[in-house]
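*Asks:* Supplied in C-alpha cells, the structure appears directly below.
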Amino acid sequence: MVLRTLIFLLCLSFGPAWAEGLPPVVGQGRVEGVEPGGILRLEDGRRVRLAVLEGRAEVRDAVAPLVVGHAVALHWPTEQHDRHGRLVAHVVRADGLWLQRVLVGDGAARVVTFPDERAAAASLLEVEASARNAGRGIWATSPLLPAADVAAVDKAKGQLAVIEGTVVSAAVVRGRLYLNFGQDWRRDVTVSISAAGLRTFPKPARAAEYWQGQPIRARGWVRRYNGPLIEVDHPEALERLGGK
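Now the structure itself:
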C-alpha cells in the first residue's frame, strides 16, 4: 500500500510526462553528474543508462545542462539493470521534461532498441523522424544510408546504421525471414530476422508477402554475410513505410 501511494505521488509530481505513454515510475533521485555516453550519476551513487538511446560519448555535453542538479523520476516497466549494474530507464525531470524526447528531437542521439529494451520506443521513433527530416544534429552529417548503396552500408560494418530502401525480394527460409534490397542476395544488402525474432512480430508481418515490394527502414549493427547484413530480432527495429 505504501509503495502504491509513493508511485501515485510520483506520478502527480512528474505528471506531464505520464501522458506521453511512458511506463511506470520505478525510482527517483537527484542527478549529481553525467558520464560519457550520457550515463547519469545520482547523488546516492546509483548510475542510470538512458533507455532506447544510442550511447555516444558526446551525448554527455547535451545531457548535463538538462539534468545536473535536478530531481528526476525513472520510468521503466520494472527495475532493470544492465550488465554493468546501471539502471535502465526513461528519465523525466520534475517539471515534466522527458530527457530522451528532448535529445532525440534535437538530433543529439538516435533511437536504438533491443528485445528487452523498447518501452516507449514508438513515440521516440516519431520524434526521431521529425529531427531527421529537419536535418537536426547528427542527421545533418549522418543521414540515412540507402539500402541500395552496397558500398555505403558495407562501410558501416561493425557500427549501428539506419538504412532505408525498397524490398526487392523477400523469402522465409527454414523459419528465417530474409529481406533483400537487390537482385543478387549474395552481394546486396539484406535484413534478416531469425525464427525466434519473427515470432515477436504481428502475425501478418511474419509472411514474406507482407514485405515484398515495400519501402522499409531498418536499424541495427552491420556485419557481412555474403553482402552487408543487418540482423533484426524485434519489431521496433524494422519499420514498413508503405502503410499498414
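First residue of the sequence shown: 757, per this note's numbering; consecutive thereafter. Beta carbons are placed, not taken as given, at the ideal position from N, Cα and C, and that holds for glycine. Values in this document were obtained by computation on a predicted structure and should not be read as measured data.
For residue 957, which residues in the same chain have their Cβ closer than 6 Å to its Cβ, ignoring the five residues on either side in sequence?
*Replies:* Your numbering for residue 957 matches position 201 in the sequence shown. Around residue 957: 991.
*Asks:* How would you label residue 929, buried or exposed, when you count the other beta carbons within 10 angstroms and need 16 or more for buried?
*Replies:* As a first step, residue 929 must be located in the sequence shown, where it is residue number 173. Classification of residue 929: exposed, given that the 10 Å Cβ count is below 16.
*Asks:* Does the separation of the CB atoms of residue 933 and residue 919 fall below 9 Å?
*Replies:* Stepping through the sequence shown from its first residue, residue 933 is reached at position 177. Stepping through the sequence shown from its first residue, residue 919 is reached at position 163. Taking 9 Å as the Cβ cut-off, residue 933 and residue 919 do not qualify as a contacting pair.
*Asks:* Do residue 851 and residue 818 come within 9 Å of each other at the CB atom, strictly closer than that value?
*Replies:* Counting from 1 along the sequence shown, the entry for residue 818 is found at position 62. Counting from 1 along the sequence shown, the entry for residue 851 is found at position 95. No; because the gap between Cβ atoms is not below 9 Å, this pair is not in contact.
*Asks:* Which same chain residues end up closer than 7 Å to residue 772 when comparing Cβ atoms and leaving out the 5 residues on each side of it in sequence?
*Replies:* Translated into positions along the sequence shown, residue 772 becomes position 16. For residue 772, the predicted model reports a pLDDT of 45, less than 50, meaning its position is unreliable; a value from the coordinates is still stated below. Around residue 772: 852.
*Asks:* Taking the alpha-carbon positions, what's the residue 790 to residue 940 distance?
*Replies:* Your numbering for residue 790 matches position 34 in the sequence shown. Your numbering for residue 940 matches position 184 in the sequence shown. Approximately 47 Å, taken between the alpha carbons.
*Asks:* Just to confirm before moving on: does the CB-CB distance between residue 947 and residue 972 stay below 9 Å?
*Replies:* Counted from its first residue, the sequence shown places residue 947 at position 191. Counted from its first residue, the sequence shown places residue 972 at position 216. Cβ atoms of residue 947 and residue 972: closer than 9 Å.
*Asks:* Starting from the Cα of residue 843, find the closest Cα among 859, 909, 781 and give me that residue.
*Replies:* For this step, residue 843 is matched to residue 87 along the sequence shown. Nearest option by C-alpha distance: 781.
*Asks:* Roughly how many angstroms lie between the CA atoms of residue 982 and residue 884, to the nearest whole one?
*Replies:* Residue 982 sits at position 226 when you count from the first residue of the sequence shown. Residue 884 sits at position 128 when you count from the first residue of the sequence shown. Rounded to whole angstroms, residue 982 to residue 884 spans 31 Å at the Cα level.
*Asks:* DSSP three-state label for residue 890, please.
*Replies:* Start at 1 with the first residue of the sequence shown, and residue 890 comes out as number 134. Helix at residue 890.
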